[in-house]
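Using this note's numbering, the letters of the sequence shown map in sequence onto residues 897 to 1237.
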Amino acid sequence: MKNLKDLQLDELEQLMVSLGEAKFRAKQIFGWLYSGSETFEDMSNIPAALKRKLQDAGWGTGSFKAEKIQVSKFDGTRKYLFRLEDGNAIESVFMKYKYGNTVCVSSQAGCRMGCRFCASTIGGLSRNLTPGEISEQILAAERDAGKPVNHVVVMGTGEPFDNYDNLSKFIRIINDKSGRNMGMRNITVSTCGLVPMIDKFGKDFPQVNLAISLHAPNDQIRSKMMPINNKYHIGELIAACRKYAQLTSRRVTFEYTLVKGVNDSVAHALELAELLRGMLCHVNLIPLNKVEETGLDTTSREAAEKFLEVLTGKGIPATIRREMGGDIDGACGQLRLGGKK
Ligand code: SAH
């Protein structure tokens, strides 16, 4: 079935015109799609004949219902498993923070980036998610949790910049004032470092937050952890980030997963501080979350705190990320294609 949620407002307008309908119907339908009640029956101001025309032409509203919901005992984090029309299953996470509710969405079913420490890439890439499939994760979580979502992080399964066209459509769709009206500044996109897209993203979406999965202070370590580093070396990546920060005047967030004996020493922290010196940035330290297949260990509490102290001592703003949903395998790097068996 074709999904109305894959369409930007202007595309929905074109569809109305092609069906011989008035253009203003597009705005009405678009409003319904992001209103929390979105079935054709709910759309009370849309003529039955138009609804039938849409259905006959194969259009649906693309709503998901979670196949499985796990709730963390510690922090109320909720992890969803959504079954897609073609049988693929993806995961998303709802989190409560002091500053509001956040949903972490997947951008692909699986991932082909091959990072050694991450569960999302273990089964490889199945396919890109459509714009509507990305938005629907937010809407479905919102309906389930019964609370509005204020922030969206594209940090679930998949590499968003490997699905750039659908990612950008998704951002334009949920940002549209006639629909979900999610502020650009309330959206964060995380990438493992597809360098050419960083520049493009800064130009296309200067207000959307950018996070970079860095995880190492030099090429030697990063190439072992993240195959993408063989294509775009750390020097190119950091140069692109410096350019982005200058262009947008926005702070770049660097995610740095601390793996015991791999990248978590004082020497590594000093090297990282040198690498990032003078850049408008923030480092988010993430003690490695357990992914059994990787055989890697998390850093110790002491090593994480020492690492933080070294960075901040060198003037690099940094924090240790609070783990959410660890007891339901819903923390960073634990989401996977098809869910955990
Ligand atoms: N592909 C994008 C989006 C994923 S965001 C990216 O790489 O940025 C998920 C974040 O969690 C990334 O920073 C990723 O590197 C990190 N991560 C992956 N596995 C992890 C693990 N086992 N423990 C902690 N963080 C992990």
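Every residue, glycine too, gets a C-beta built ideally from N, C-alpha and C.
Helix, strand or coil at residue i [DSSP, three-state]
| i | result |
| --- | --- |
| Glu987 | strand |
| Leu1021 | strand |
| Pro1056 | helix |
| Glu1170 | helix |
| Pro1113 | coil |
| Ser1031 | helix |
| Tyr1128 | coil |
| Val1001 | coil |
| Pro1092 | helix |
| Arg979 | strand |
| Thr1144 | helix |
| Glu1201 | helix |
| Asn881 | Nothing about residue 881 can be read from this structure; the chain reaches only from 897 to 1237. |
| Lys1043 | coil |
| Lys992 | strand |
| Asn1071 | helix |
| Gly1226 | coil |
| Gly927 | helix |
Proximity of residue i and residue j at Cβ, strictly below 8 Å
| i | j | result |
| --- | --- | --- |
| Leu1150 | Leu1110 | Note on identity: in this sequence residue 1150 is Phe, with Leu being the wrong assignment. Their beta carbons are under 8 Å apart, which means Phe1150 touches Leu1110 by this criterion. |
| Gly958 | Asn899 | yes |
| Val967 | Cys1000 | no |
| Ala962 | Asn997 | no |
| Ile1134 | Leu1171 | yes |
| Gly954 | Met897 | yes |
| Arg1068 | Leu1106 | no |
| Leu1181 | Leu1204 | yes |
| Phe990 | Arg974 | yes |
| Ser1002 | Ile1018 | no |
| Val1091 | Glu1132 | yes |
| Met1175 | Cys1137 | yes |
| Gly1052 | Tyr930 | no |
| Phe1066 | Ser1031 | yes |
| Ala1200 | Pro1183 | yes |
| His1164 | Pro1123 | no |
| Lys1239 | Leu905 | Residue 1239 lies beyond the range of the chain shown here (897 to 1237); nothing can be said about it. |
| Cys1007 | Gly1054 | yes |
Neighbour-count burial assignment, residue i, 16 or more Cβ in a 10 Å radius
| i | result |
| --- | --- |
| Gln1230 | buried |
| Leu1143 | exposed |
| Val1162 | exposed |
| Phe1013 | buried |
| Gln1033 | buried |
| Arg1197 | exposed |
| Pro1056 | buried |
| Arg1232 | buried |
| Gln1116 | exposed |
| Gln1004 | buried |
| Ala1153 | It is Thr, not Ala, that sits at residue 1153 in the sequence shown. Buried: at least 16 other Cβ atoms inside 10 Å. |
| Asp1095 | exposed |
| Asn1059 | buried |
| Asn1062 | buried |
| Asp952 | exposed |
| Glu1188 | exposed |
Opposing strand residues paired with residue i [DSSP bridges]
| i | result |
| --- | --- |
| Thr1084 | Val1049 and Asn1105 |
| His1178 | Thr1149 |
| Ile942 | Its beta-bridge partners do not exist; DSSP assigns none. |
| Thr1194 | Val1155 |
| Gln904 | None; Gln904 has no bridge partner. |
| Gln966 | Lys975 |
| Ile1216 | Leu1181 |
| Asn899 | Gly956 |
Heavy atom of ligand 3 within 7 Å of residue i beta-carbon
| i | result |
| --- | --- |
| Glu1201 | This structure lacks ligand 3; the ligands present are ligand 1. |
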